[in-house]
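When the letters of the sequence shown are read in order and numbered with mature numbering (1 follows the signal peptide of the UniProt record, and there is no 0), they come out as residues -21 to -1, 1 to 448. Quick reminder that beta carbons are idealized off the backbone N, C-alpha and C, glycines included.
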Amino acid sequence: MLIPAFAVCVAILGAPSAAIAQAHIQGIVLDSLRTRAPLVGATVVIVEQNRYTTSDSLGRFRFDGVPLGRATLGVLHPLLDSLDLQLPPTAVDVVASGAVATVTIPPAVRMYAQLCADGRDNDGGVIVGRVRDIDDGTPIVGAAVATEWLEYTVGSNGSTPKGVAMAARSDAKGMFVLCNVPTQVPLSVRVRHNGVVAGPSRVVLDDRLLGRTELGMSLRDTAARHVSVVDSIISRDNVRGTAMLRGRILRADRSPAAFAAVGVIGTGRVTRADSSGLFSLEGIAAGTRTIDIRSVGSLPTLQSLEFATGAVLDTSFVLAPLPQILPTLKTSERYRASFEQAGFYDRRRMGLGAFVTESDIRRHGAVDLTNALIGVRGIRVDGGVVRGMPYMRGFGQSTCIPVFFVDGLRFLVDGPWPGPGVVYPYSDLLGVIPGSQIKGIEVYASAGSIPPQYHVPAEGCGSIVIWTR
């Protein structure tokens, strides 16, 4: 399949010679698809002579001593290889009189029309990719590839979200094309084939016309058949995969991201880093997977990685800091804290849960989260005020461990203190959030009161949302 992707401009200047009929070819290679700028490091070849040169920092190239007559130019570049694209050869006439010729491949919009039979929808982009066996690299034919996103319709009653999906099948080379996808939002691309699931692979076009992704599938790891297509690390499926990820998580200043949560989207594989930021996560289903890293004070990090069957990957992650929200210089406008922006007081006015404000905490002299929750409706503290932990009555009437969120991000807790069967102790949460940093707490003890963004039905328990900013 030939997919024209670049504009190649070639200026031919002939330099006559009394001895031999030779001239030179000079020109420029332009990336008209992604950067709309000169393409640096492109390999330009004269096919008839098997001669090669490389475009410079301005995309320019030059051949000297070229025989007069017809010459055929080809262009190679790692970007073309990554997109599995080939450019058609460009024929030029090299003449002694100094003829100049400009050869231009059709522009991006026309190229899009060749890729997508239905044409381009407004500012839509296209994702080109390949599905392959993660272990031997062979293409997987007929795999179902899809991506979804939300589009909003603005009306008199506000904005209404609508789910939109785009799907395709991989061809004989494993290639697929997803047309008319948005160019300004991150996309998650997934693939299914004979019960095996891979992805999501994160693609961000950033206003470019074309994006590229690879999707590797493991046909040998049975856990790859038990991966959810939901963007969540919450799962009750305990099928263990064969791959493993280990490494270290650092903050932007290179300090350890102590107790950061590390999970694999679509699976139940989750762990927590230790106090030095080191972590090890076993049982990952082989294939292309997206790693979800959460740490208080840092932006959530999502990164797609490829795991061969039985592979062990060692890597480090550096988390970006949360943007600093500075108060306005106009004293007439009041600075709104993060928890206010997230709707803390709006939900409080609705009266669906129990709320603890910063002034409540100070008034009662609460020194930590446990103390702040004593006496709150729907909460029972077991173990005393020193080593105690808050519990709720589960939706099935039994006592349960609440689902904790810190500044909107889930903080895993499966027991009070380190010990047998406890991987994510509540004591870690106490260590991360001193009582002096708590700005507000939301407690939702019944299923009908929990806002959707803080509801994890699989846990069968209520939620506690803590705000520190």
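Beta-bridge partners of residue i, as assigned by DSSP
{"i": "Asp112", "result": "Met196"}
{"i": "Pro404", "result": "Gly394"}
{"i": "Ser338", "result": "Paired residue(s): none; Ser338 is not in a bridge."}
{"i": "Thr267", "result": "Glu285"}
{"i": "Gln1", "result": "Pro46"}
{"i": "Ile106", "result": "Leu157, Gly190"}
{"i": "Gly226", "result": "Phe258, Thr294"}
{"i": "Arg366", "result": "Paired residue(s): none; Arg366 is not in a bridge."}
{"i": "Ala240", "result": "Arg251, Arg273"}
{"i": "Met371", "result": "Cys379"}
{"i": "His172", "result": "Val175"}
Within 7 Å, strictly: CB atoms of residue i and residue j
{"i": "Leu281", "j": "Thr294", "result": "no"}
{"i": "Ile4", "j": "Phe42", "result": "yes"}
{"i": "Val249", "j": "Gly242", "result": "yes"}
{"i": "Arg441", "j": "Tyr423", "result": "The sequence given here has Gly at residue 441, not Arg. Their beta carbons are under 7 Å apart, which means Gly441 touches Tyr423 by this criterion."}
{"i": "Ala236", "j": "Ile228", "result": "yes"}
{"i": "Ala264", "j": "Val206", "result": "yes"}
{"i": "Phe334", "j": "Glu193", "result": "no"}
{"i": "Gly419", "j": "Thr336", "result": "yes"}
{"i": "Gly44", "j": "Pro17", "result": "no"}
{"i": "Glu130", "j": "Val143", "result": "yes"}
{"i": "Ile429", "j": "Ala287", "result": "no"}
{"i": "Gly357", "j": "Met371", "result": "yes"}
Residue i versus the options, residue with shortest Cα-Cα distance
{"i": "Asn350", "options": "Ala240, Ala299, Val392, Gly414", "result": "Gly414"}
{"i": "Arg204", "options": "Leu194, Pro431, His172", "result": "His172"}
{"i": "Leu47", "options": "Gly190, Asp72, Ala240", "result": "Asp72"}
{"i": "Trp128", "options": "Phe384, Val160, Thr51, Arg389", "result": "Val160"}
{"i": "Ala240", "options": "Gly427, Ala426, Ala21, Val411", "result": "Val411"}
{"i": "His56", "options": "Leu189, Val45, Thr32", "result": "Thr32"}
{"i": "Val182", "options": "Arg30, Ser283, Ser34", "result": "Ser283"}
{"i": "Val444", "options": "Thr51, Asp386, Ala437", "result": "Asp386"}
{"i": "Leu94", "options": "Gly400, Pro17, Gly190, Ser377", "result": "Gly190"}
{"i": "Val26", "options": "Arg342, Val168, Pro68", "result": "Pro68"}
{"i": "Phe238", "options": "Ser254, Arg389, Leu331, Ala202", "result": "Ser254"}
{"i": "Thr378", "options": "Gly330, Leu409, Ser425", "result": "Ser425"}
{"i": "Ser277", "options": "Leu388, Ser197, Gln1, Gly116", "result": "Leu388"}
{"i": "Arg326", "options": "Pro436, Gln432, Arg219, Ile358", "result": "Gln432"}
{"i": "Ser196", "options": "Cys158, Gly330, Gly174", "result": "The residue you asked about is not Ser; residue 196 is Met in the sequence shown. Per the Cα distances, Gly174."}
{"i": "Asp115", "options": "Arg199, Pro381, Val355, Gln1", "result": "Arg199"}
Residue i CB to nearest heavy atom of the ligand ATP below 6 Å
{"i": "Gly357", "result": "The model on display carries no ligand, and the ligand ATP is accordingly not part of it."}
Cβ distance (whole Å) where residue i is taken to contact residue j below 8 Å
{"i": "Gly373", "j": "Gly439", "result": "5 Å"}
{"i": "Arg169", "j": "Ala125", "result": "6 Å"}
{"i": "Ser274", "j": "Leu298", "result": "6 Å"}
{"i": "Val19", "j": "Val54", "result": "Going by Cβ atoms, the distance from Val19 to Val54 rounds to 13 Å, so no, they are not a contact pair."}
key: Meets three-Cβ-pair contact criterion under 8 Å: the segment 103 to 120 and the segment 145 to 154   = yes
message = Counting beta carbon pairs with one atom in the segment 154 to 162 and one in the segment 218 to 228, are three or more of them shorter than 8 Å?
response = no
key: Meets three-Cβ-pair contact criterion under 8 Å: the segment 167 to 185 and the segment 261 to 275   = yes
ask   = Is the segment 344 to 358 touching the segment 405 to 420, taking contact as three or more C-beta pairs under 8 Å?
value = yes
message = Between the segment 329 to 348 and the segment 384 to 398, can you find at least three pairs of beta-carbon atoms closer than 8 Å?
response = no
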